[in-house]
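Student:
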Amino acid sequence: MRRKFKPNLLVLIVLAIALGIGCGFIMPVWGARVFLTFNAIFAQFLGFMIPLIIVGFVAPAIAQIGRNAGLMLVVTVAIAYLFTSMSGFFALGVGEWIFPSLVEPRHLQPTAAEALGPYFTVEMPPLMSVMTALVFAFVTGICMAYLKASALRRGFEEFRDCVQLAVMKAIIPLLPLYIFGIFLNMTMEGEVAAVLGTFAGIIGVIFVMHIVLLLFQYCVAALFVRRNPVKMLVTMLPAYFTALGTQSSAATIPVTLRQTVKMGVSEEIAGFVVPLCATIHMSGSTMKIVACALAVMIMEGMTWSTGMFAGFIMMLGITIVAAPGVPGGAIMASLGLLASILGFNADQQSLMIALYITMDSFGTACNVTGDGSIAQIIQHFFGRKSPHPAAA
20 MRRKFKPNLL VLIVLAIALG IGCGFIMPVW GARVFLTFNA IFAQFLGFMI
70 PLIIVGFVAP AIAQIGRNAG LMLVVTVAIA YLFTSMSGFF ALGVGEWIFP
120 SLVEPRHLQP TAAEALGPYF TVEMPPLMSV MTALVFAFVT GICMAYLKAS
170 ALRRGFEEFR DCVQLAVMKA IIPLLPLYIF GIFLNMTMEG EVAAVLGTFA
220 GIIGVIFVMH IVLLLFQYCV AALFVRRNPV KMLVTMLPAY FTALGTQSSA
270 ATIPVTLRQT VKMGVSEEIA GFVVPLCATI HMSGSTMKIV ACALAVMIME
320 GMTWSTGMFA GFIMMLGITI VAAPGVPGGA IMASLGLLAS ILGFNADQQS
370 LMIALYITMD SFGTACNVTG DGSIAQIIQH FFGRKSPHPA AA
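Read in order, the letters of the sequence shown are residues 20 to 411 in our numbering.
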């Protein structure tokens, strides 16, 4: 039986952008308003889902981590969070230095397209605000871990499955159509050339940044294990290229485990650190989100400050823990923070989604490759002391 061909999300997003640009030159106003109506309704649905995504994924993840309490777990989580946060500040520093000369603010000219709007929309108020969802998820997750509330934890895990089903079956499949509408509108406004030029420059800068980030992480590991960081990084390249293809940290775990052991990490510690870091170490994703957010803010003429981004980065490192196991899961989990802390509206969030997903595989590859450096550090501290680290 022949297997049915299913293009991945990146292919669909690129196709949606291309079609949106092409149709923007020929589509009549009435046709464009049909897609703008869809976009208006989809944006409402996305806003409704954001708090549910936060609660559904963050609360069970915190409960799961807390349930496996132990010194090695605490150290691993601390290092993963430190690396994740540092990557965000690294992206912010590079972005503040380079992006103002690379990204031109958009200045919309009065055109007939400004009269475009949806035929109607459907209001879908979220059940709670984003910050309420974050606090609720943190408090509930910590309490479930401390009280060992197995029944409540199972309920939240089932709720997470429901949210993931909605993401997989409704949000992700409709994202290309939503992005098509965004680029259709931008083309009719005459702004698409500037946006695409900005995208190309940002992608190039972020690609260089994630290579520098990996070298830094392995140089840090080399300080502890006294080994050549470049050789360690070369050993992890099979995991890097596997993640490029799978776009999933979880799907790459077998390869990451194998290459981590080849670097000299014991099987016990690799078996503990690698699966854990597949959900909590998000250096590549955080770097991309921060860089893309800064670029979009400059392009949209929004104001920002280092303090604003500092709070965003610190919260982001927690919020995207155990992000949905789907392509673009990290950006979906971060939409609430983009809106509540940085002030992104629906159109700016859609630009973030499009820009992020075009580089999704590179962020995932950076995440999983960096897991090996964390495993080396944990090996240094716990390898000799505990032959059975899972019990530490």
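The beta carbon of each residue, even a glycine, is placed where N, CA and C say it ideally should be.
For P79, count neighbouring Cβ atoms within 10 angstroms of its own Cβ and tell me buried if that reaches 16, exposed if not.
Tutor: Classification of P79: buried, given that the 10 Å Cβ count is 16 or more.
Student: Are the beta-carbon atoms of L416 and A51 separated by less than 8 Å?
Tutor: What is shown of the chain runs 20 to 411, which leaves residue 416 out entirely.
Student: Please determine whether the Cβ atom of A349 lies at a distance below 7 Å from any heavy atom of the ligand MG.
Tutor: Among the ligands in the structure shown, none appear at all, so the ligand MG cannot be discussed.
Student: Ordered along the chain, which non-local residues of its own chain (more than five positions away) have a Cβ less than 7 Å from that of L233?
Tutor: Cβ within range, chain order: L252, C385, T388 and G389.
Student: So, for I36: in the same chain, excluding its five sequence neighbours on each side, which residues have a beta-carbon less than 6 Å away from its beta-carbon?
Tutor: Once the five neighbours on either side are set aside, the close Cβ partners of I36 are F202.
Student: Taking I288 as the reference, which of M147, I332 and F401 has the closest Cα?
Tutor: Taking only the C-alpha atoms, the option nearest I288 is F401.
Student: Give the DSSP-derived three-state secondary structure of S392 in the structure shown.
Tutor: Three-state DSSP puts S392 in a helix.
Student: Check this for me: beta carbons of I299 and A349, under 8 Å apart or not?
Tutor: Cβ distance not < 8 Å, so I299 and A349 don't count as in contact.
Student: Which of the three DSSP states is assigned to A132 in this structure?
Tutor: Its pLDDT being 42, under 50, A132 is placed unreliably by the model, and nothing is read from it.
Student: What are the start and end residues of the alpha helix (DSSP H) that includes K307?
Tutor: First-last of the alpha helix (DSSP H) with K307: S302 to M318.
Student: Once you ignore the five residues that flank F331 on each side, which residues in its own chain have a CB closer than 7 Å to its CB?
Tutor: These residues qualify, in order along the chain: L356, I360 and L361.
Student: So does the segment 364 to 379 actually touch the segment 310 to 325, counting three or more Cβ pairs closer than 8 Å?
Tutor: At 8 Å Cβ cutoff, the stretches touch.
Student: First and last residue of the alpha helix (DSSP H) that includes F44?
Tutor: Segment: none, F44 is in no alpha helix (DSSP H) and carries neither H nor E.
Student: For G39, is the classification buried or exposed, using 16 other Cβ atoms within 10 angstroms of its Cβ as the cut-off for buried?
Tutor: Buried, by the Cβ-count rule.
Student: By the three-class DSSP mapping on this structure, what secondary structure does S148 have?
Tutor: It is coil, neither helix nor strand.
Student: Is the Cβ-Cβ distance between T431 and M282 less than 8 Å?
Tutor: There is simply no residue 431 to check, as the chain begins at 20 and stops at 411 in what is shown.
Student: What separation, rounded to the nearest whole angstrom, lies between the Cα atoms of V274 and L263?
Tutor: Spanning the two alpha carbons is a distance of roughly 12 Å.
Student: Taking Cβ to Cβ, would you say A59 is nearer than 8 Å to P144?
Tutor: No. Outside cutoff.
Student: Our contact map puts L335 next to G160 with C-beta atoms below 8 Å; I'd like the distance itself, whole angstroms only.
Tutor: Wrong, their Cβ atoms sit about 17 Å apart, outside the cutoff.
Student: Candidates A258, E319, F44 and V94: which alpha carbon is nearest Q278's?
Tutor: Closest by alpha carbon: A258.
Student: Secondary structure at I60, three-state DSSP: helix, strand or coil?
Tutor: I60 falls in the helix class under three-state DSSP.
Student: Check L127 in the structure and name its three-state DSSP category.
Tutor: Caution is warranted here: a pLDDT of 47 is assigned to L127, below 50, making its placement in the model unreliable, and the coordinate value is therefore given only provisionally. In this structure, L127 counts as coil in the three-state DSSP scheme.
Student: With G114 and A310 assumed to form a contact (beta carbons below 8 Å), what rounded beta-carbon distance in angstroms separates them?
Tutor: Right, their Cβ atoms sit about 5 Å apart.
Student: Which residue comes first and which comes last in the alpha helix (DSSP H) that contains E208?
Tutor: Segment I191 to E208, the alpha helix (DSSP H) holding E208.
Student: Shorter than 8 Å from the beta carbon of G283 to some beta carbon of chain C?
Tutor: Absent from the structure: chain C. Only one protein chain is present.
Student: Terminal residues of the continuous alpha helix (DSSP H) containing W116?
Tutor: From DSSP, the alpha helix (DSSP H) with W116 extends over L90 to L121.
Student: Hey, how far is the Cα of M91 from the Cα of F291?
Tutor: Those two C-alpha atoms are separated by around 9 Å.
Student: Looking only at its own chain, which residues have a Cβ that is under 6 Å from the Cβ of F243, when we skip the five neighbours before and after it?
Tutor: Around F243: I396 and H399.
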